[in-house]
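Asker: I'd like to ask you about the structure that follows.
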Amino acid sequence: MSLQYHLKIKEGDVAPYVLLPGDPKRVPIVASYWDEAHFVADNREHVTYTGVYKGVPISCTSTGMGCPSTAIAMEELARCGVKNFIRIGTCGTFQDYVKKGDMQIFDSACRYDGTSYHYAPGPFPAVADHDTVEAAVQAAKELGLPYHVGTTRTQDTFYANYPKPGSAFNGFWQSRWENFYPDLKRLNVMGGEMETSIVLVLTRIWGLRGGAMAVTLDNIIDSQEDEGEYEPEQALDHSEDNIKTLSLMGCETIKKLYEMDQAAGK
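Every position in the sequence shown, counted from 1, becomes a number in our numbering once 3 is added.
Below, the structure written as structure tokens:
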């Protein structure tokens, strides 16, 4: 097989189990928890490492921000033999019971992205693999991490849809934004991020396994307390501890999933 166009990887470069952070800088952080790790490739927003974590073959590839680049990464990873995709990222929440630093495990996603509609029509659900969700829950429990399981909202924009003016540039605002986030809260949608829906849709239609988790950085509704300018640097908690916790939980989830497979003779 020839070198993949975007990721610059080929068959044999990656393990069947892969973690998918967005930020390329997080890949070496994830790999720092492994017993063995080696750099594979770096092109555009995609950095790949492969190694071994507690006896489990594992890879990590960054997707960049949003569903389009995530889909590209997944297409090329699948061509190289990946069977299990787990998104590890950061997110906000619409629910008051979810606190900063809590882990969110997504069993489903609201498809407010555009990319997944090129693969499957609107009625097609974005749902996680059950074993992957269970592995994530077990990992969180054993690590003693506060966690919640539920639905996320995946959308293509970062600065749009806030209830009050001040999030988009130059005060641009649409009246339909006013109730969008409060309505998601009423629907008991837990998280808000930009990649999970495509991970869940692609793995389901390809007959592979997919899941997603994220560490909570803010309450999306409360982060814009007035109609002033939205300042993500103040609202979001990108602490080093949060990213390390996320990385470790991702690795432990892969380990749990691998152990399930070994027990089942897969």
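The C-beta atom is built at its ideal place from N, Cα and C for all residues, glycine as well.
For the beta strand (DSSP E) that V59 lies in, which residues bound it at each end?
Answerer: First-last of the beta strand (DSSP E) with V59: V59 to T64.
Asker: Which residues in the same chain have their Cβ closer than 6 Å to the Cβ of T199, if we skip the five residues on either side of it in sequence?
Answerer: Cβ within range, chain order: R90, F109, A112, T155, T157 and A215.
Asker: For L203, which three-state DSSP category applies?
Answerer: L203 falls in the helix class under three-state DSSP.
Asker: For the beta strand (DSSP E) holding D221, just list the boundary residues, first then last.
Answerer: Per DSSP, D221 belongs to the beta strand (DSSP E) from R212 to N222.
Asker: Should the region 8 to 15 be called in touch with the region 27 to 41, which here means at least 3 C-beta pairs below 8 Å?
Answerer: Because the criterion of three Cβ pairs below 8 Å is not met, the region 8 to 15 and the region 27 to 41 do not touch.
Asker: For the alpha helix (DSSP H) holding C254, just list the boundary residues, first then last.
Answerer: Per DSSP, C254 belongs to the alpha helix (DSSP H) from E243 to A267.
Asker: Within the continuous beta strand (DSSP E) that includes Y52, where are the two ends?
Answerer: That run of the beta strand (DSSP E) goes H49 to Y56.
Asker: The beta strand (DSSP E) that contains H151, what's its start and end?
Answerer: Element bounds for H151: Y150 to Q158.
Asker: Count the C-beta pairs between the region 167 to 186 and the region 138 to 151 that are closer than 8 Å, then say yes if the count reaches three, no if not.
Answerer: At 8 Å Cβ cutoff, the stretches do not touch.
Asker: Suppose only complete runs of 4+ residues qualify. What are the alpha helix (DSSP H) ranges in the region 10 to 47, listed by chain order?
Answerer: Fully enclosed alpha helix (DSSP H) runs of 4 or longer: 30 to 34.
Asker: Would you mind stating whether T51 and V43 have Cβ atoms separated by less than 8 Å?
Answerer: Yes, they are a contact pair.
Asker: Where does A142 sit, in a helix, a strand or coil, going by DSSP?
Answerer: Three-state DSSP puts A142 in a helix.
Asker: When we look at the beta-carbon of H49 and count the other beta-carbons within 10 Å, is it buried (16 or more) or exposed?
Answerer: So H49 ends up on the buried side.
Asker: Roughly how many angstroms lie between the CA atoms of I223 and Y233, to the nearest whole one?
Answerer: Distance between the alpha carbons of I223 and Y233: 11 Å.
Asker: For D99, count the other beta carbons within 10 Å of its own beta carbon; 16 or more makes it buried, fewer makes it exposed. Which is it?
Answerer: Its Cβ having fewer than 16 others within 10 Å, D99 is exposed.
Asker: Quick one: Cα of M106 to Cα of F97, how far?
Answerer: Rounded to the nearest angstrom, the two C-alpha atoms are 14 Å apart.
Asker: So, is Y162 buried or exposed, given that buried needs 16 or more other C-beta atoms within 10 angstroms?
Answerer: Looking at its Cβ environment, which holds fewer than 16 other Cβ atoms inside 10 Å, Y162 is exposed.
Asker: Got a sec, what are the start and stop residues for the alpha helix (DSSP H) F183 sits in?
Answerer: It spans F183 to R189 - the alpha helix (DSSP H) in which F183 sits, taken as one unbroken run.
Asker: What's the call for D244, buried or exposed, on a 16-neighbour Cβ count within 10 Å?
Answerer: It is exposed - the Cβ of D244 has fewer than 16 other Cβ atoms within 10 Å.
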